[in-house]
Structure formats: C-alpha cells, structure tokens
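Protein chains in written order, with my numbering: chain H, 5 to 240; chain B, 303 to 367.
Below is one structure, written out as structure tokens, with a few remarks after it.
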C-alpha cells in the first residue's frame, strides 16, 4: 500500500491482492489509495465543473449530473441517520434549469444545509450557493455574476429577448429571496460594465461576496462543519 | 440553456464525440452505461426510484464496472 506523506512516497506492508486491485482502481479514479470509510452523520455533496442538465455535454467537460444529485437530496432528506448536508461548490456554472432545480431542492429541505464556495461558484453556481440555510466562501474563492445570454446567436425577434429576460429573472429572484442581497443590487452587479474583460458583470472575491450580501461568512471547512453541527443540534 | 463563464464553443467543442450508451442490470439495479475498450463499462446514469441507491458510490456516474 502506498501512502503519500508530505510529498514522500512511503511503502508499507503489501495488503491482500483483492485490496491491491481496489487500490489500483482508486488511484486511477481518484488519484489516491484510501478514502475515509467511517460512518458520517452528515452528507457532503460536491457540485463541480459544469452543471449538466437537459443536454449531455461532451467528454472534455467535468460535470455534475443533476439527475444523480436530485435523488441524493431526496435520500438525505429522508434518511434518519443523516442530520445535515454540506454542499461544496467549485463550479463554472451550467444549465440554468438544472442549477435552479438543485437550488430549489436544497432551499426546501427541512434538514440543515451549509454551503461552502471553494475556488469558484460562478453563474448558475450563485443560486446554488445561496440556497443553503447558511453559506460560506473561502477567502480566495470567486463568484462571477453576469447576464444570461445566447452566445453566437443573433437575437432576431423581440420574443427571444423576452425569453432570456424571463430566465434571468428566475435567477435574480431566487438569489434575492435566499440571501441578504436585494434584486436591485444583484441586477446592478450583473450589468456592471468595466469589471470583466470580455463581458459585463462582476467578479466578487471572498469577503466581497459577504459584503454584497450574497454569502453569510468567509470561512473554510472547519467553520462550515462547526456551523452545520450547531444547526442540527439546534443551537442556531 | 447554459449559464456559465466558460465560452460555449469550449463547452460544446466535441459534441459529436458523445458515444452511444446502453442499458444493463448491475447488482440488481438498472444502469445506463458506456462500453469501454477493455470490456468494462462506465456508468452514465442510475435508473432507480430508491433514493438510497443514489448514495452508493458504486452507482455514481463515472464509476467503472
């Protein structure tokens, strides 16, 4: 069995061959030999890469599939052994309706949910991050707020524009009703010019997301778990 | 409709490379899989109405069976 400690490979006693085959699979799949197996009373869910919705994305994308996430949320809500949900986000956005579906499911759970934005929680990741009852953002993590658009398409009829506007309103209203930010302020961030090089909109980093009222606190894993624990114990 | 910071041409770059999936029964559960070159299958989707099945890592999308 290989054990990586501080960058040095440490070779320990060889386990049985069945374990070895499992370890090779783990190295190929996850790049590590061991995963924690202790029973946990919370469930950690990762929302990474592109949020995949109505369309199967080509293989160069790392995706989070909503058809798998949604029944998991049902299981978490229903399983008496699970006391809370830790939602870890590092996403570049994705399908609007899949993202809103996940966000609505999280927001309507009766069990406590805490979200933690690491790296990035962009575009449709924003409503998912605010859907949890309490949200954290890492100091270095960023969130990009920008308008929904159809790239490469010429908007030919006013109806197309109305449709985009309606999709966007769903995101704006969800974010405003699930965080401290107002619809006016969120729209202002969404349409700000001169901040992004290739687009209109805003990037907020760590503390700025908290100051804007989007996220509740700056913090990491320790803070997020402590908050979740105090929530399911009924302390806050 | 996509709402992402990644340009659409990068997200959809190799759309034609999506290969055909098939359905089979694995450990008593219906799964949609992609056949791999070495005779194994990669799970694309679990088809079940039992939400607890979705918490089992052997059925998560991307798992090799």
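Glycine included, every Cβ here is placed at the ideal spot set by N, Cα and C.
Here the structure is a predicted model, which means the values were calculated and not measured.
Query, Result
"Residue of H:108, H:113 and H:144 minimising C-alpha distance to residue 124 of chain H", "H:144"
"Close-in-space but distant-in-sequence residues of the same chain around residue 214 of chain H (CB under 8 Å, 5 per side omitted)", "141, 220, 221 and 222"
"N- and C-terminal bounds of the beta strand (DSSP E) containing residue 174 of chain H", "Careful: residue 174 of chain H lies outside any beta strand (DSSP E), inside the alpha helix (DSSP H) at 162 to 182."
"Residue 61 of chain H: contacting residues in chain B (beta-carbon distance under 7 Å)", "313"
"Beta carbon of residue 81 of chain H nearer than 8 Å to that of residue 69 of chain H", "no"
"Where residue 140 of chain H sits in the DSSP three-state scheme", "strand"
"Closest residue to residue 233 of chain H among H:31, H:29, H:46 and H:35 (Cα-Cα distance)", "H:46"
"Chain B residues whose Cβ lies nearer than 7 Å to that of residue 71 of chain H", "347"
"Three CB pairs or more closer than 8 Å across the region 324 to 339 of chain B and the region 112 to 121 of chain H", "no"
"Backbone CA spacing between residue 310 of chain B and residue 98 of chain H [nearest angstrom]", "10 Å"
"Nearest-angstrom beta carbon gap, residue 228 of chain H and residue 118 of chain H [assumed within contact, 8 Å]", "5 Å"
"Buried versus exposed, by CB contacts within 10 Å (16 or more), residue 226 of chain H", "exposed"
"Closer than 8 Å at the beta carbon, the chain B residues around residue 152 of chain H", "303 and 305"
"Cutoff 8 Å: residue 325 of chain H Cβ touching any chain B Cβ", "Since the first residue of chain H shown is 5 and the last is 240, residue 325 of chain H is not available in this structure."
"Beta-carbon neighbours of residue 75 of chain H, restricted to chain B and to distances below 7 Å", "353 and 356"
"Cβ-Cβ distance between residue 162 of chain H and residue 195 of chain H below 8 Å", "no"
"Residue closest to residue 121 of chain H, alpha-carbon to alpha-carbon, out of H:210, H:103, H:203 and H:35", "H:210"
"C-beta neighbour in chain H for residue 337 of chain B, strict 8 Å", "no"
"Chain A contact for residue 333 of chain B (CB, 8 Å cutoff)", "Considering every chain present, this structure includes no chain A. Its protein chains are H and B."
"Own chain, CB closer than 7 Å to residue 348 of chain B, minus 5 neighbours either side, in chain order", "331, 333, 355, 356 and 361"
"Three-state class that DSSP yields for residue 13 of chain H in the structure shown", "The pLDDT assigned to residue 13 of chain H is 46, lower than 50, so where the model puts this residue is not dependable; a value taken from the coordinates is nonetheless given after this. The answer is strand: DSSP assigns residue 13 of chain H an E or B state."
"Euclidean distance between Cα positions of residue 328 of chain B and residue 216 of chain H", "48 Å"
"Close-in-space but distant-in-sequence residues of the same chain around residue 48 of chain H (CB under 7 Å, 5 per side omitted)", "90 and 92"
"Min CB distance residue 46 of chain H to chain B below 8 Å", "no"
"As assigned by DSSP and simplified to three states, the class of residue 72 of chain H", "helix"
"Contacts that residue 103 of chain H makes with chain B (C-beta to C-beta distance below 9 Å)", "305"
"Simplified DSSP assignment, three categories, for residue 156 of chain H", "Low per-residue confidence applies at residue 156 of chain H: pLDDT is 48, beneath 50, and the placement is therefore not dependable, though the value from the model is reported in the following sentence. The answer is coil: DSSP assigns residue 156 of chain H none of H, G, I, E or B."
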